[in-house]
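In the UniProt record's numbering, the protein residues as written are 1 to 145.
For each residue, glycine too, the CB sits at the ideal point set by N, CA and C.
Encoded as structure tokens, the structure appears first; notes follow it.
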Ligand SMILES: Cc1cc2nc3c(=O)[nH]c(=O)nc-3n(C[C@H](O)[C@H](O)[C@H](O)COP(=O)(O)O)c2cc1C
């Protein structure tokens, strides 16, 4: 079972969550943890499951640094790959967590199999948020058994 957790984080929240998730999954699976800027979208189909984590920037946008990755996803065929998406962003903005929606739509369009509802976290995760993150991880693991 090979899982990729790839994330983008500006001020550290998503990095912390991604590391937690990779540790959580690592108890049962072989996990690679990468930053989206270092991830080749074409490598996603090498994994049984991929988890994409992103903050939202600008006016409800995918962060600039993640744009290349996001656009490349349109050319990738993920028909054998399960996926889940999450991200911390902020409810102080109108388009709360919109990047999570964009990645979810794109990965579905690329024929990936979504195995968990996407998880949006408001700023710093509280205990309940971390349980939602763990549950997302559980769904991913369960889908691979
Ligand atoms: C200039 C700027 C624009 C932002 N725009 C949005 C937005 O449109 N929607 C949203 O939900 N969050 C927005 N955010 C909030 C970030 O997504 C949020 O702070 C997130 O937790 C940062 O994650 P990180 O600590 O991993 O970098 C914005 C933040 C900044 C600084």
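Element boundaries [alpha helix (DSSP H), containing residue i]
{"i": "residue 87", "result": "Unbroken run through residue 87 is the beta strand (DSSP E), 82-89; no alpha helix (DSSP H)."}
{"i": "residue 22", "result": "13-26"}
{"i": "residue 133", "result": "127-143"}
{"i": "residue 101", "result": "98-109"}
{"i": "residue 71", "result": "67-73"}
C-alpha gap between residue i and residue j, whole angstroms
{"i": "residue 145", "j": "residue 22", "result": "18 angstroms"}
{"i": "residue 5", "j": "residue 24", "result": "11 angstroms"}
{"i": "residue 35", "j": "residue 7", "result": "5 angstroms"}
{"i": "residue 37", "j": "residue 69", "result": "7 angstroms"}
{"i": "residue 103", "j": "residue 30", "result": "23 angstroms"}
{"i": "residue 140", "j": "residue 84", "result": "7 angstroms"}
{"i": "residue 51", "j": "residue 113", "result": "11 angstroms"}
{"i": "residue 127", "j": "residue 17", "result": "12 angstroms"}
{"i": "residue 55", "j": "residue 80", "result": "26 angstroms"}
{"i": "residue 98", "j": "residue 44", "result": "22 angstroms"}
{"i": "residue 163", "j": "residue 89", "result": "A query on residue 163 cannot be resolved here, the shown segment of the chain reaching from 1 to 145 and no further."}
Sub-8 angstroms separation of residue i and residue j beta-carbons
{"i": "residue 87", "j": "residue 65", "result": "no"}
{"i": "residue 110", "j": "residue 76", "result": "yes"}
{"i": "residue 100", "j": "residue 120", "result": "yes"}
{"i": "residue 107", "j": "residue 78", "result": "yes"}
Start-to-end residues for the beta strand (DSSP E) that takes in residue i
{"i": "residue 30", "result": "30-35"}
{"i": "residue 4", "result": "2-8"}
{"i": "residue 51", "result": "49-54"}
Cβ-heavy atom distance, residue i to ligand 3, below 7 angstroms
{"i": "residue 130", "result": "Only ligand 1 can be found as ligands here, which leaves ligand 3 out of the picture."}
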